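Colleague: Just passing along the structure, written as structure tokens.
Protein chains: 2
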Amino acid sequence: MKYLLTMTLLSFSLLTHAGDNEKVAPAPNQIELPKGYQDWAMISSSHRVDNHSLRVILGNDIAVSAARKNKTNPWPEGAILAKMVWKEGELETWNQAIVPEKFVHAEFMIKDSEKYKKTGGWGFARWVGLDQKPYGQDENFVQECFGCHTPVKGNDWVYTIPSKLPMPAK
Amino acid sequence: MKYLLTMTLLSFSLLTHAGDNEKVAPAPNQIELPKGYQDWAMISSSHRVDNHSLRVILGNDIAVSAARKNKTNPWPEGAILAKMVWKEGELETWNQAIVPEKFVHAEFMIKDSEKYKKTGGWGFARWVGLDQKPYGQDENFVQECFGCHTPVKGNDWVYTIPSKLPMPAK
Numbered sequence: 217m218k219y220l221l222t223m224t225l226l227s228f229s230l231l232t233h234a235g236d237n238e239k240v241a242p243a244p245n246q247i248e249l250p251k252g253y254q255d256w257a258m259i260s261s262s263h264r265v266d267n268h269s270l271r272v273i274l275g276n277d278i279a280v281s282a283a284r285k286n287k288t289n290p291w292p293e294g295a296i297l298a299k300m301v302w303k304e305g306e307l308e309t310w311n312q313a314i315v316p317e318k319f320v321h322a323e324f325m326i327k328d329s330e331k332y333k334k335t336g337g338w339g340f341a342r343w344v345g346l347d348q349k350p351y352g353q354d355e356n357f358v359q360e361c362f363g364c365h366t367p368v369k370g371n372d373w374v375y376t377i378p379s380k381l382p383m384p385a386k
Numbered sequence: 217m218k219y220l221l222t223m224t225l226l227s228f229s230l231l232t233h234a235g236d237n238e239k240v241a242p243a244p245n246q247i248e249l250p251k252g253y254q255d256w257a258m259i260s261s262s263h264r265v266d267n268h269s270l271r272v273i274l275g276n277d278i279a280v281s282a283a284r285k286n287k288t289n290p291w292p293e294g295a296i297l298a299k300m301v302w303k304e305g306e307l308e309t310w311n312q313a314i315v316p317e318k319f320v321h322a323e324f325m326i327k328d329s330e331k332y333k334k335t336g337g338w339g340f341a342r343w344v345g346l347d348q349k350p351y352g353q354d355e356n357f358v359q360e361c362f363g364c365h366t367p368v369k370g371n372d373w374v375y376t377i378p379s380k381l382p383m384p385a386k
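Chain order of the listed sequences is A and B.
Residue numbers for the first sequence follow our numbering, so the first one is 217 and each next one is one higher.
Residue numbers for the second sequence follow our numbering, so the first one is 217 and each next one is one higher.
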């Protein structure tokens with residue numbers, strides 16, 4: 217009994233430990249949190265003035281390579297876009313600068329035309345907060361994502377326009 | 217004569233070729249453009265509403281590691297911060313989103329307390345536009361950089377506050 221309790225507590229501790237990708241629960245549609253996304257290269261950024269959030273869009277190697285070459289309509293198979301979202305705040309030392317404050321969520325689009333053909337060839341997933349709680353009650357949550365992206369169907373369902381950077385093709 | 221002309225044209229072509237770090241001229245203080253900075257990991261972002269620009273701050277491995285561990289006052293020796301700056305624009309498909317448009321410049325702070333002790337331990341440099349023209353007429357341009365950073369002397373001369381991310385120390 218004591219052993220069982222210890223194991224249960226240990227499991228709970230592992231499941232709720234924040235910040236370690238290995239132990240983050242998958243999204244309700246079984247998508248796993250991509251590992252190491254925090255260190256992916258940057259594709260673009262934005263400031264949404266409607267909901268007062270700052271965003272930086274990162275990508276895995278396939279996505280970044282496509283972005284640098286302007287080959288993003290369609291994005292290639294295997295591309296993953298990762299959007300980091302923060303509530304906007306003000307820089308204390310320069311109040312003309314809007315800066316990221318509280319971390320809101322990390323959301324992902326994973327390109328697999330076959331696997332995700334019902335949602336434009338993209339798998340959607342989101343993890344909320346610094347403790348990365350999977351978003352959505354069940355797998356129908358993707359309809360919300362997909363619905364919001366319908367206006368950009370002509371841009372392969374992606375809002376992000378890669379930012380121009382002084383660099384050769386990767 | 218024909219050979220000389222060819223060589224001159226070739227040299228000019230090499231010097232002005234945009235987008236390839238190998239051929240970008242150093243800053244007037246002899247700082248060389250850090251290689252591969254475009255793919256460095258993200259440290260933070262901002263929207264400056266005074267001059268209508270969006271910024272993403274990237275860092276080399278030393279800087280990113282320090283940022284993830286909140287060990288940034290002072291930043292460690294060898295840290296390089298790279299700030300990408302774009303003019304703000306509007307996303308056509310979502311006009312509540314301010315997005316990067318024209319690339320303005322990439323600017324760098326390189327931590328070497330000994331080498332750059334006259335300017336707070338930081339070497340400053342900037343390359344303008346997609347063709348990466350070095351900023352400044354002579355090496356005194358750093359006084360302009362350093363002057364602007366004086367208000368954040370207490371933050372190791374750095375404005376950037378690393379954005380919170382759900383991740384373990386690198």
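All C-beta atoms, glycine included, are put in the ideal place defined by N, C-alpha and C.
In this text the structure is predicted, and so the values were computed from the model without any measurement.
1) Looking at chain A, is there any beta carbon in it that lies within less than 7 Å of the beta carbon of ILE247(B)?
2) Under 7 Å between C-beta atoms, does VAL320(A) make it to chain B?
3) Between PRO350(B) and LYS303(B), what straight-line distance do the alpha-carbon atoms span, to the nearest angstrom?
4) Hey, does ILE259(A) have any beta-carbon neighbour from chain D nearer than 7 Å?
5) Which stretch, first to last residue, makes up the beta strand (DSSP E) that contains ILE377(B)?
6) Give the residues from the region 348-378 of chain B that approach chain A closer than 8 Å (Cβ to any Cβ), ordered along the chain.
7) Using the Cα positions of GLN348(A) and GLN246(A), report the straight-line distance between them to the nearest angstrom.
8) Check GLY337(B) in the structure and name its three-state DSSP category.
9) Apart from the five residues just before and just after VAL301(A), which ones in its own chain have a Cβ nearer than 8 Å to its Cβ?
10) If distances are taken between C-alpha atoms only, which option among TRP373(A), TYR253(A) and ASP354(A) comes closest to LYS333(A)?
11) Which of helix, strand or coil does DSSP assign to CYS247(A)?
12) Over the uninterrupted alpha helix (DSSP H) stretch that includes GLU360(B), give me the two end residues.
13) So, are the CB atoms of PRO244(A) and GLU330(A) less than 7 Å apart?
14) Mind listing the chain B neighbours of TRP310(A)? Cutoff is C-beta to C-beta under 7 Å, in chain order.
15) Suppose contacts are defined by Cβ-Cβ distances below 7 Å. Is GLN312(A) in contact with VAL265(B) by that definition?
16) At the level of alpha carbons, what is the spacing between HIS263(B) and HIS263(A)?
17) If distances are taken between C-alpha atoms only, which option among PRO316(A), VAL344(A), ASP277(A) and ASN267(A) comes closest to PRO242(A)?
18) Taking Cβ positions, are ILE278(B) and PRO292(B) nearer each other than 7 Å?
19) At a CB-CB cut-off below 8 Å, which residues of chain A make contact with MET300(B)?
20) Given that a residue counts as buried once 16 or more other Cβ atoms are within 10 Å of its Cβ, and exposed if not, what is GLY275(B)?
21) From VAL341(A) to SER260(B), what does the alpha carbon distance come to, in whole angstroms?
22) Please go through the same chain and pick out, in chain order, the residues whose beta-carbon is closer than 6 Å to the beta-carbon of GLY305(A), but skip the five residues on each side of it.
23) Closer than 7 Å, CB to CB, is ARG264(B) near chain A or not?
24) Can a CB atom of chain A be found closer than 7 Å to the CB of PRO250(B)?
25) Going by C-alpha distance, which of ILE296(A), GLY336(A), ALA257(A) and PRO378(A) is nearest GLN359(A)?
26) Could you pull out every residue in the same chain whose Cβ sits closer than 6 Å to the Cβ of SER208(B), ignoring the five residues on either side in sequence?
27) Which residue's Cα is closest to the Cα of ILE326(B): LEU381(B), LEU346(B), ASN267(B) and CYS361(B)?
28) Report the rounded CA-to-CA distance for PHE357(B) versus ASN289(A), giving the unit in angstroms.
29) Between ASP296(B) and chain A, is there a C-beta pair that is closer than 7 Å?
Modeller: So, from the data block:
1) Closer than 7 Å: no.
2) So no, VAL320(A) is outside the interface.
3) For PRO350(B) and LYS303(B), the gap between their C-alpha atoms comes out near 19 Å.
4) Any reference to chain D falls outside this structure, whose protein chains are A and B.
5) Counting along the chain, ILE377(B) sits inside no beta strand (DSSP E), nor does DSSP assign it H or E at all.
6) Under the 8 Å Cβ criterion, the region 348-378 of chain B contributes GLN348, PRO367, VAL368, ASN371, TYR375 and ILE377.
7) Straight through space, the alpha carbons of GLN246(A) and GLN348(A) are spaced by roughly 15 Å.
8) Annotated three-state conformation of GLY337(B) is coil, per DSSP.
9) Correct list, in chain order: SER269, LEU270, ARG271, PHE319, VAL320, HIS321, ALA322 and GLU323.
10) Of the candidates TRP373(A), TYR253(A) and ASP354(A), the one whose C-alpha sits nearest the C-alpha of LYS333(A) is TRP373(A).
11) Sequence inspection shows Ile at residue 247(A); the Cys mentioned does not correspond to that position. Note: ILE247(A) maps to coil in three-state DSSP.
12) Counting along the chain, the alpha helix (DSSP H) containing GLU360(B) begins and ends at 357-365.
13) No.
14) In chain order: TYR375.
15) Cβ atoms of GLN312(A) and VAL265(B): closer than 7 Å.
16) Roughly 7 Å separates the two Cα atoms.
17) Taking only the C-alpha atoms, the option nearest PRO242(A) is VAL344(A).
18) For ILE278(B) and PRO292(B), yes; Cβs fall inside 7 Å.
19) In chain order: MET258, SER379 and LEU381.
20) It is buried - the Cβ of GLY275(B) has at least 16 other Cβ atoms within 10 Å.
21) Residue identity differs from the one stated: residue 341(A) is Ala in this sequence, not Val. Cα-Cα distance, rounded: 23 Å.
22) Once the five neighbours on either side are set aside, the close Cβ partners of GLY305(A) are VAL315 and GLU317.
23) Between ARG264(B) and chain A, the shortest Cβ-Cβ separation is below 7 Å.
24) Judged by the 7 Å Cβ criterion, PRO250(B) is not in contact with chain A.
25) The residue among ILE296(A), GLY336(A), ALA257(A) and PRO378(A) with its C-alpha nearest the C-alpha of GLN359(A) is GLY336(A).
26) As displayed, chain B neither begins before 217 nor continues past 386, which places residue 208(B) out of reach and without an answer.
27) Taking only the C-alpha atoms, the option nearest ILE326(B) is CYS361(B).
28) One C-alpha to the other measures close to 42 Å.
29) The question names Asp, but residue 296(B) is Ile in the sequence shown. No, because no Cβ of chain A sits closer than 7 Å to the Cβ of ILE296(B).
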